[in-house]
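*Asks:* Start counting the sequence shown at 13; every next residue gets the next number (the working numbering).
Let me begin by handing over the structure; questions about it come next.
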Amino acid sequence: MSKKLLDKKNFRKIGIIVMCLGAVFAATMVFLVTGSALVISLAVGITVAVAGVIMIIVAYSTLPGELPPADYRNATIKLTLCAMFIGLAALTKLFSITIPIFGSAGMRVGFGGVFTTFPAILFGPLYGGITSAASDIIGWFIDPQGGYNPLFTLTAFIGGVIKGLIWITLKKANPGKLRRAFTVCFALILVIGTAFYISFAVDGISRSIIAETEEMPSKGLANNRKNSFLTSLIIKRVRVSDTYTITDISDRESVIIPGKASVDGANGNVALGEKAFEGNDSIKEVYLADSLTSFNGSSLKGKDIIIYLTENCKALEEVKKSGLEYALVASVDERTIVMRSDNMVFNELTFVSNNKYAKNLAGNVNYVAFGLTLVGVLGLAAVLIEYLLSRRSGTKTNKTQGVRIFTAIFTAEIIQTTINTIILKELTYKNDWAAYPFMIVWIPRAAEGLIICLIQAYFIALLYTLLMGKTGALKLPKR
């Protein structure tokens, strides 16, 4: 290992990677921090970059041996193939699959990672890192998910490098030992998924194979009962609250619209529905609480009414835009109404929940129960299939590629997910995750990464077999 590390070519590669990481880190901090924190960050980044430059100089001037002559043909082929893989990754960014049972918005399974993995396993860590970073930048321009954060490009680079390093490390691994190790890992994942199923069933959260929004308890019921350790991990992660929309108001001359509602002991916002006053012909006065965040006056159009509110009301701008007559007063009775989830009526006001909490809870339950169980079953099946294929004649050269591929991409994914979680919690400002305990944020994200990696590993193994097999062999340049 030490001889390989001190080889001119390998030492130069390490120097280039260190230099790039330091430079990218320093450039990234310019966008994220200010003051003394920026000075410290720049000092660290520049120091790392200079260390990389020194390593490159040492590789050329001090280490014994000769660097291989430049092979421009191979370099051109590598760059061309990397550009092709980046293009394919960018193209597949537009065709991601959403699995609706995971989370309120579902889990997006993209196939860009399939193509950014190939440079890492074909040409080495440096090409894998550069390709992953370039794909991250181009992918953001094609389908931006929030504002651009260069730190995520840096972690994408690190992930690509790790894929290449793991692939090289496992090149001479014993196939039998590798399969046995993964059999234990997938069996453990299956046990954890099953344990979550049992925990949710015992605590009354869900008794279904796939959790549905309709069976989820309200936020108040879920948080106020005594839950087991595994259930508590997921319950604590879901901190969103429901919004309770007023859909019907009994016929009266005056009504106070509250801003907050407490349902089963959990607070949520109140909104006024567009049809709340339909059929209410007696209404003359509407009072809006300061905490009311959403106002829809469609059903008040054409009625001789006055809306009373203070200048501190959060819905003031919406009232102004509605065109309805309003008057500013010194104060409005601020109240929090109290209801049960099985009877959403208070003082002749009828409410409907948007079930935001239940949707998020069901998604997280499916991540750690159904998702982990599915990964365990499919992972064990994949190891079994690979073992059976290795027993057939003529497949010995490719018998461990599936396991190696999954190891490479999942290791990179876990490290990248961990770093990204730290970034989201500690370095991204005005983010709701900042108040979450680290493990509560990390576990569902890691479960999501595990599911995606297993899906991607199947496709990568298939394409790799076609690429390197007898019928599709290509003369690829050496690393």
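Cβ atoms here follow ideal geometry from the backbone N, Cα and C, with glycine treated the same way.
Tell me the rounded alpha-carbon separation between Thr-206 and Ile-349.
*Replies:* 40 Å
*Asks:* Could you tell me the alpha carbon to alpha carbon distance between Thr-301 and Tyr-320, rounded to whole angstroms?
*Replies:* One point to set straight first is that residue 301 is Ala, not Thr, in the sequence displayed. If you take the alpha carbons of Ala-301 and Tyr-320, they lie about 9 Å apart.
*Asks:* With 16 other CB atoms within 10 Å as the buried threshold, where does Lys-333 fall?
*Replies:* Counting Cβ neighbours within 10 Å, Lys-333 comes out exposed, since fewer than 16 surround it.
*Asks:* Around the Cβ of Ile-247, are there at least 16 other Cβ atoms within 10 angstroms (buried) or fewer (exposed)?
*Replies:* buried
*Asks:* Using a Cβ-Cβ cutoff of less than 6 Å, which residues in the same chain neighbour Gln-428 once the five nearest sequence positions on both sides are dropped?
*Replies:* For Gln-428, where only same-chain residues beyond five positions count, the Cβ hits under 6 Å are Thr-167 and Gly-171.
*Asks:* Which same chain residues, not among the five before or five after Lys-296, have their C-beta less than 8 Å away from its C-beta?
*Replies:* Same-chain partners within the cutoff: Glu-265, Ser-266, Asp-316, Ile-317 and Ile-318.
*Asks:* Give me whichever residues DSSP pairs with Ala-339 in a beta bridge.
*Replies:* Tyr-320
*Asks:* Please report the distance separating the alpha-carbon of Ile-472 from that of Val-126.
*Replies:* 6 Å
*Asks:* Beta-carbon separation of Ile-421 and Ala-469 under 8 Å?
*Replies:* yes
*Asks:* On a CA-only basis, which of Arg-403, Ile-174 and Met-356 is nearest Leu-142? Give me that one, please.
*Replies:* Looking at the sequence itself, residue 142 is Ile, so the reference to Leu does not match. If we check each option's Cα against that of Ile-142, Ile-174 comes out closest.
*Asks:* Should Gly-285 and Asn-308 be called a contact, given that it needs their Cβ atoms to be closer than 8 Å?
*Replies:* yes
*Asks:* Applying the 10 Å Cβ sphere with the 16-neighbour rule, what's the burial state of Tyr-160?
*Replies:* exposed
*Asks:* Taking Cβ to Cβ, would you say Ile-261 is nearer than 8 Å to Asn-292?
*Replies:* yes
*Asks:* For the ligand SAM, any of its heavy atoms closer than 7 Å to the Cβ of Val-282?
*Replies:* The model depicted lacks the ligand SAM and carries no ligand whatsoever.
*Asks:* Just how far apart, CA to CA, sit Ala-199 and Leu-103?
*Replies:* 35 Å
*Asks:* Using a 10 Å radius around the Cβ and a threshold of 16 neighbouring Cβ atoms, would you call Asp-354 buried or exposed?
*Replies:* exposed
*Asks:* Measure the C-alpha to C-alpha separation of Gly-34 and Glu-425 and round it to an integer number of angstroms.
*Replies:* Cα atoms of Gly-34 and Glu-425: separation of roughly 21 Å, rounded to the nearest angstrom.
*Asks:* Helix, strand or coil: how does DSSP classify Val-554 here?
*Replies:* Residue 554 lies beyond the residue range present for the chain, which begins at 13 and ends at 491; the question has no answer from this structure.
*Asks:* DSSP three-state label for Ser-405, please.
*Replies:* The predicted model places Ser-405 with a pLDDT of 49, which falls under 50 and marks its position as unreliable; any figure quoted below should be read in that light. Coil, per DSSP.
*Asks:* Around the C-beta of Asn-279, are 16 or more other C-beta atoms found within 10 angstroms, so that it is buried, or is it exposed?
*Replies:* exposed
*Asks:* Does chain B have any CB closer than 8 Å to the CB of Ile-58?
*Replies:* Note that chain B does not occur in the displayed structure, where there is just one protein chain.
*Asks:* Excluding the 5 residues preceding and the 5 following Leu-177 in the sequence, name in chain order all residues of the same chain whose CB lies nearer than 6 Å to its CB.
*Replies:* Contacts found: Pro-137.
*Asks:* Specify the secondary structure class of Glu-286 as computed by DSSP and reduced to three states.
*Replies:* coil
*Asks:* Label Ile-69 either buried or exposed according to how many other C-beta atoms from any shown protein chain fall within 10 Å of its C-beta, with 16 as the threshold for buried.
*Replies:* exposed
*Asks:* Taking C-beta to C-beta, are Lys-287 and Asn-281 nearer than 8 Å?
*Replies:* no
*Asks:* Apart from the five residues just before and just after Lys-25, which ones in its own chain have a Cβ nearer than 7 Å to its Cβ?
*Replies:* Leu-138
*Asks:* How would you call Asp-376, buried or exposed, if buried means at least 16 neighbouring beta carbons within 10 angstroms?
*Replies:* According to the sequence displayed, residue 376 carries Asn and not Asp. Flag for Asn-376 reads buried.
*Asks:* For Leu-436, is the classification buried or exposed, using 16 other Cβ atoms within 10 angstroms of its Cβ as the cut-off for buried?
*Replies:* buried
*Asks:* Mapping the DSSP letters down to three states, classify Phe-307 as helix, strand or coil.
*Replies:* coil
*Asks:* When you compare only the Cα positions, how much space is there between Ile-66 and Arg-191?
*Replies:* About 41 Å.
*Asks:* Does DSSP put Phe-123 in a helix, in a strand, or in coil?
*Replies:* coil
*Asks:* If you pair each beta-carbon of the stretch 381-390 with each one of the stretch 203-219, do three or more pairs fall below 8 Å?
*Replies:* yes
*Asks:* How many angstroms separate the CA atom of Leu-304 from the CA atom of Leu-361?
*Replies:* 15 Å
*Asks:* Label Glu-10 either buried or exposed according to how many other C-beta atoms from any shown protein chain fall within 10 Å of its C-beta, with 16 as the threshold for buried.
*Replies:* The shown model of the chain, from 13 to 491, leaves out residue 10, and the question about it has no answer.
*Asks:* Hey, could you find the ends of the alpha helix (DSSP H) Tyr-139 is sitting in?
*Replies:* 137-154
*Asks:* For Val-275, count neighbouring C-beta atoms within 10 Å of its own C-beta (all shown protein chains included) and say buried if the count is 16 or more, exposed if not.
*Replies:* buried
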